Amino acid sequence: MDRRCRCRNSTKRATYPPKPTNREAAMQHSIENLTVNDSPMELFTYLPDGDGPHPGLVVAMHIPIGHTGIENDKFTLSVCERYCDAGYAVACPFIFHYWPKEEEMQVKRDEFRDDWVAADCQAAFDWLAGHDAVDGERIGIVGHCWGGRVAWVSAVNNPNYKACTVFYGGRIKVAMGPNTPPPIELASQMPCSVFGLFGNDDQGPSPEDVGDYSAALKAAGIEHEFHGYDGAGHGFQDAYAEDRYNAEASEDAWGKAIAYFDSKLK
């Protein structure tokens, strides 16, 4: 299902995400140190207030800035916080741990492997599923940009996800790594519904790409709902990139994404 939303281009900067009255009481934040493929990996985790069990979300980080460390990526941190504020236990793996943090971003893009990132997100999923405060039967995944692609890759490699949201994930039609098909060709392995949010002015993915994603899911019999925003380009949710941020589209997309996860995981 494809839906078009008309949102004018807005450069007005809003507080992102809206701050709760007591952020410290709303969540517990920690960094877990895991090992994946014999490489140490940091896992940023957030737990909402209360004993739970809470639904869980794996947050797949995007690549700009974040490839140097999640701690440097205000956008990804804000995404984790916002979902935690909404009542979700969150685990965000540092998927670029295979390279030195100071390595050039292009090197990481060129050498990126889908089998590696699937293992990274599996480790994050397993951490959530094994936590006493998390319901291991109610875990989803979400990602923006590079992370949107990662969310798709991870979901088709893990049959236990109950929900998947892709924010303007590009290159889903491109294979990364040896002996790995393009993720779009694995649509039949998607274990859950897919919720997609895209900018209609984006060229990576373009509206044509988004149509191909939808067609692949439809052919595989996978429930999905896509929304496209007029006047919004790539990265329209990133308030820390003022040249891309579209406040109206962003807030509408936030509401829709949280409502989707609530319907599937709560």
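The numbering of the sequence shown is this note's numbering, which starts it at 27 and goes up by one. Where a beta carbon is used, it is the ideal one built from N, C-alpha and C, also for glycine. Predicted model, so just to flag it, every value in this text is computed and none were measured.
Bridge partner(s) assigned by DSSP for residue i
i	result
Asn-59	Glu-68
Glu-251	Phe-221
Asp-190	According to the sequence provided, residue 190 is Cys. The question's Asp does not apply to it. The partner list for Cys-190 (beta bridge, DSSP) reads Ile-167, Val-220.
First and last residue of the uninterrupted beta strand (DSSP E) at residue i
i	result
Phe-221	220 to 225
Leu-83	80 to 86
First and last residue of the uninterrupted alpha helix (DSSP H) at residue i
i	result
Arg-164	From DSSP, Arg-164 is part of no alpha helix (DSSP H) but of the beta strand (DSSP E) over 160 to 170.
Val-200	Counting along the chain, Val-200 falls outside any alpha helix (DSSP H), and DSSP gives it neither H nor E.
Ala-117	That residue, Ala-117, is in no alpha helix (DSSP H); its beta strand (DSSP E) goes 115 to 119.
Ser-214	Careful: Ser-214 lies outside any alpha helix (DSSP H) and carries neither H nor E.
Ala-145	140 to 155
Glu-137	131 to 137
Thr-206	Per DSSP, Thr-206 belongs to no alpha helix (DSSP H) and is neither H nor E.
Glu-277	273 to 291
Thr-94	Note, Thr-94: premise wrong, no alpha helix (DSSP H); not H, not E.
Cβ-Cβ distance between residue i and residue j below 8 Å
i	j	result
Ile-167	Tyr-187	yes
Leu-154	Val-200	no
Ile-266	Phe-120	In the sequence under discussion, the amino acid at residue 266 is Tyr, which differs from the Ile named in the question. Going by C-beta atoms, Tyr-266 is not nearer than 8 Å to Phe-120.
Lys-282	His-253	yes
Phe-70	Ile-96	yes
Val-143	Val-176	yes
Ala-149	Val-220	no
Met-202	Ala-246	no
Ala-189	Phe-287	yes
Ala-258	Gly-225	yes
Where residue i falls: helix, strand or coil (DSSP)
i	result
Tyr-124	coil
Ala-246	coil
Asp-20	Summary: the structure shown does not reach residue 20, with the chain confined to residues 27 through 292, and so no result is reported for it.
Asn-184	coil
Per-residue burial, residue i [other beta carbons within 10 Å of its own, 16 or more giving buried]
i	result
Glu-274	buried
Lys-134	buried
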